[in-house]
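Undergrad: Just add 83 to the spot in the sequence shown (first one is 1) and you have my numbering.
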Amino acid sequence: MPAISTEHQGEIARVLDYWFPPPSSPDSNPTEKWFMPPDAELVDSEIRTQFSSLVEQARNDSLDSWRSTPLGSLALIVLLDQFPRNIYRGSGLSFSSDAKALDLAVVSIAREFDHSPDLTPLMAMFFYMPLMHAESLAHQVAGISLLNNLSTRCLAGSFTATSPRAAVAVEEANKFVKSSCNFAKAHRDVILRFGRFPSRNAALGRESTPEELEFLSQNPSGFAISGGKSN
């Protein structure tokens, strides 16, 4: 795999600084922006303007050199798994790079990139998001296990990262990891019941079953926990 160029190192930093702002940033607590932004259209427009080109490059395999490092892989997962949900919100394109993100996440986890000392707990968590988004029960179960393990690592004080980026309150991060685990269980329950996310049916041109329609009428977000970004 080719080395990451200086230019691409800068692009990796740009993605990560936006999604995981350093402690000195006025936006140092980005969790609201990730999942329940007060102005979703503004966040979507911001991501579309700043990162659409990189998302397309990631989708077209032009950034595969990023896969060689933990931070590069994480930035690539954000481009493939998170940003399309903002850029293409409500469209089937939101999910069009999920398979590529899932493959990268599984390989990265196998390489233990999620244990890199360069990561904060919340950064490590995003290696698991493609598993939560997968319409596969095996990946759902694995994602929950990984999130539980991440919570255990937080409580055990296992995050001894040396990067300035890691100057984060681990206790606060653990609260968010635990709430994300509950959200992951809600995703799992939907896949266990339907084998897919009914909330995606309209965008993907899939016909919903009567049971799915009844479920969506009772749970407009797509699962039993209210949420922001489409799953």
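Ideal Cβ positions, reconstructed from N, Cα and C, are used throughout, including at glycine.
If you're wondering where the values come from, they're calculated on a predicted model, not measured in any experiment.
Can we say the segment 287 to 296 touches the segment 146 to 153, given the rule of at least three CB pairs closer than 8 Å?
TA: In short, these stretches do not touch, since the Cβ pair count stays below three.
Undergrad: Measure the CB-CB distance between Val-138 and Leu-162 and report whether it falls below 8 Å.
TA: Their beta carbons are under 8 Å apart, which means Val-138 touches Leu-162 by this criterion.
Undergrad: Please report the distance separating the alpha-carbon of Ile-95 from that of Arg-236.
TA: Their backbone Cα atoms lie some 26 Å apart in a straight line.
Undergrad: With His-222 as the anchor, note down where its alpha helix (DSSP H) starts and where it stops.
TA: His-222 -> alpha helix (DSSP H) spans 220 to 238.
Undergrad: Just to confirm, is the Cβ distance from Leu-233 to Ala-207 under 8 Å?
TA: The answer is yes: Cβ separation under 8 Å.
Undergrad: Using only the alpha-carbon positions, how far apart do Ala-250 and Trp-102 sit?
TA: Residue placement at Ala-250 is poorly supported in this model, since its pLDDT is 46, which falls under 50; the coordinates still yield a value, given next. Going from the Cα of Ala-250 to the Cα of Trp-102 covers about 15 Å.
Undergrad: Going by DSSP in three states, Arg-283 sits in which element: helix, strand or coil?
TA: Arg-283: helix per DSSP, three-state reduction.
Undergrad: Rounded C-beta distance between Phe-266 and Gly-305? I'm assuming under 8 Å.
TA: Phe-266 to Gly-305, Cβ: 11 Å. No contact.
Undergrad: Would you kindly report the start and end of the unbroken alpha helix (DSSP H) that includes His-91?
TA: His-91 -> alpha helix (DSSP H) spans 89 to 102.
Undergrad: With the cut-off set at 8 Å, would you say Pro-322 and Asp-164 are in Cβ contact?
TA: There is no way to answer for residue 322, as the model of the chain reaches only from 84 to 314.
Undergrad: Going by DSSP in three states, Ala-250 sits in which element: helix, strand or coil?
TA: Caution is warranted here: a pLDDT of 46 is assigned to Ala-250, below 50, making its placement in the model unreliable, and no coordinate value can be reported.
Undergrad: Between the alpha carbons of Val-260 and Ala-269, how many angstroms are there, rounded?
TA: Their Cα atoms are separated by approximately 14 Å.
Undergrad: Just tell me which of Leu-299, Met-119, Leu-287, Arg-168 has its CA closest to the CA of Gly-175.
TA: Nearest of Leu-299, Met-119, Leu-287, Arg-168 to Gly-175, Cα basis: Leu-287.
Undergrad: Taking all protein chains shown into account, do 16 or more other C-beta atoms lie within 10 angstroms of the C-beta of Asn-143, making it buried, or fewer, making it exposed?
TA: By the 10 Å Cβ count, Asn-143 comes out exposed.
Undergrad: Closest by CA to Leu-220, which one among Ser-262, Ile-274, Ser-228?
TA: Here the closest residue by C-alpha is Ile-274.
Undergrad: Please tell me whether Phe-209 and Ile-192 are closer than 8 Å, where the distance is taken between their beta carbons.
TA: Cβ atoms of Phe-209 and Ile-192: not closer than 8 Å.
Undergrad: From what residue to what residue does the alpha helix (DSSP H) around Asp-186 run?
TA: Taken as a continuous stretch (DSSP letters only), the alpha helix (DSSP H) holding Asp-186 covers 181 to 193.
Undergrad: So, for Phe-277: in the same chain, excluding its five sequence neighbours on each side, which residues have a beta-carbon less than 7 Å away from its beta-carbon?
TA: Cβ within range, chain order: Glu-295.
Undergrad: Please name the residue, chosen from Ala-256, Pro-200, Val-126, that lies closest to Asn-169 on a Cα-to-Cα basis.
TA: For the residues Ala-256, Pro-200, Val-126, the minimum Cα distance to Asn-169 belongs to Val-126.
Undergrad: Let me confirm a value: Met-215 is counted as buried when at least 16 other C-beta atoms fall within 10 Å, else exposed. Which label applies?
TA: Buried, by the Cβ-count rule.
Undergrad: Would you kindly report the start and end of the unbroken alpha helix (DSSP H) that includes Thr-292?
TA: Looking at the DSSP string, Thr-292 is not in any alpha helix (DSSP H), and its letter there is neither H nor E.
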